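**Q**
This is how it looks when you write it as structure tokens:
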């Protein structure tokens, strides 16, 4: 079921007829690892989705605040704004009623996303996120893809 979900997600994120050889290699690598993996499959799927967003040019901004552009530490993550928000700007977004700030300080989402982008999937063969962390990251990726890429109502999502 996870394989079907990954294929549908990939098809929805990539524009038709756009060749992305590096993504094809990553997809093959995902299925090779999935074939032998017994647990932590959700982490593998999240890593693949993150790499897909990166390789397709749709990755959220993780290096600087999306509001002010400064390279400040992440305070929160705004789906609507498309990346990390510093503490100075987060207050302004919260006052304006932005309900898409879902970054949790107890779990460094930014570091995990950067790790997924910077390491091949085979480096994750023995890594699995804690369930609550995986759920939070899954929520972030799904909301981001829905808001920015119109990836909604996926049939396979109901099966996983």
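Numbering (our numbering), first residue to last: 11 to 170.
Ideal Cβ positions, reconstructed from N, Cα and C, are used throughout, including at glycine.
In this text the structure is predicted, and so the values were computed from the model without any measurement.
Assess contact between the segment 27-40 and the segment 54-62, defined as three or more Cβ pairs (one per stretch) separated by less than 8 Å. Is contact present?
**A** Yes, since at least three Cβ pairs between the segment 27-40 and the segment 54-62 fall closer than 8 Å, the two stretches touch.
**Q** Could you compute how far the alpha carbon of residue 28 sits from the alpha carbon of residue 127?
**A** Within the chain shown, numbered from 1, the residue matching residue 28 stands at position 18. Within the chain shown, numbered from 1, the residue matching residue 127 stands at position 117. Each residue's Cα considered, the two are about 20 Å apart.
**Q** With a 10 Å radius around its C-beta and 16 neighbouring C-beta atoms as the bar for buried, classify residue 145 as buried or exposed.
**A** If you number the chain shown from 1, residue 145 lands on position 135. It counts as exposed.
**Q** Let's see if you can read the secondary structure: which residues bound the alpha helix (DSSP H) around residue 21?
**A** Locating residue 21 in the chain shown gives position 11, counting from the first residue. 12-23 is the extent of the alpha helix (DSSP H) around residue 21.
**Q** How many angstroms separate the CA atom of residue 82 from the CA atom of residue 150?
**A** Here residue 82 is taken as the residue at index 72 of the chain shown, counted from 1. Here residue 150 is taken as the residue at index 140 of the chain shown, counted from 1. Whole-angstrom Cα-Cα distance: 21 Å.
**Q** Mapping DSSP to helix, strand and coil, what is residue 55?
**A** As a first step, residue 55 is located in the chain shown; it is residue number 45 there, counting from the start. If DSSP states are grouped into helix, strand and coil, residue 55 belongs with the helices.
**Q** Are there 16 or more other CB atoms within 10 angstroms of the CB of residue 5, so buried, or fewer, so exposed?
**A** A query on residue 5 cannot be resolved here, the shown segment of the chain reaching from 11 to 170 and no further.
**Q** Is the beta carbon of residue 120 sitting closer than 8 Å to the one on residue 72?
**A** Here the question's residue 120 lines up with position 110 in the chain shown. Here the question's residue 72 lines up with position 62 in the chain shown. Cβ distance < 8 Å, so residue 120 and residue 72 count as in contact.
**Q** Ends of the beta strand (DSSP E) at residue 144?
**A** Reading the chain shown from its first residue, position 134 is the one you call residue 144. Segment 141-159 is the alpha helix (DSSP H) holding residue 144; no beta strand (DSSP E) there.
**Q** Identify, in the order they occur along the chain, each residue of the same chain with its Cβ nearer than 7 Å to the Cβ of residue 70, setting aside the five sequence neighbours on each side.
**A** Translated into the one-based positions of the chain shown, residue 70 becomes position 60. Closer than 7 Å at Cβ, skipping near neighbours: 92, 93 and 154.
**Q** Return helix, strand or coil for residue 88, following the three-state DSSP convention.
**A** Here residue 88 is taken as the residue at index 78 of the chain shown, counted from 1. It is a strand residue.
**Q** Please classify residue 100 as buried or exposed, where buried requires at least 16 other C-beta atoms within 10 Å of its C-beta.
**A** As a working mapping, residue 100 is identified with position 90 in the chain shown. That one is buried.
**Q** Out of 52, 87 and 32, which has the shortest C-alpha to C-alpha gap to residue 135?
**A** Translated into the one-based positions of the chain shown, residue 135 becomes position 125. Among 52, 87 and 32, the Cα nearest to that of residue 135 belongs to 52.
**Q** My understanding is that residue 159 touches residue 23, with C-beta atoms under 8 Å, so please give their C-beta distance in whole angstroms.
**A** Residue mapping note: residue 159 aligns to position 149 of the chain shown, counting from 1. Residue mapping note: residue 23 aligns to position 13 of the chain shown, counting from 1. Residue 159 to residue 23, Cβ: 6 Å. Contact.
**Q** Exposed or buried, residue 84, counting other C-beta atoms within 10 Å across all chains shown (16 or more means buried)?
**A** Counted from its first residue, the chain shown places residue 84 at position 74. Residue 84 comes out buried.
**Q** Pick out whichever of 64, 65 and 89 has its Cα sitting closest to the Cα of residue 76.
**A** The residue you call residue 76 lines up with position 66 of the chain shown. The candidate whose alpha carbon is nearest that of residue 76 is 89.
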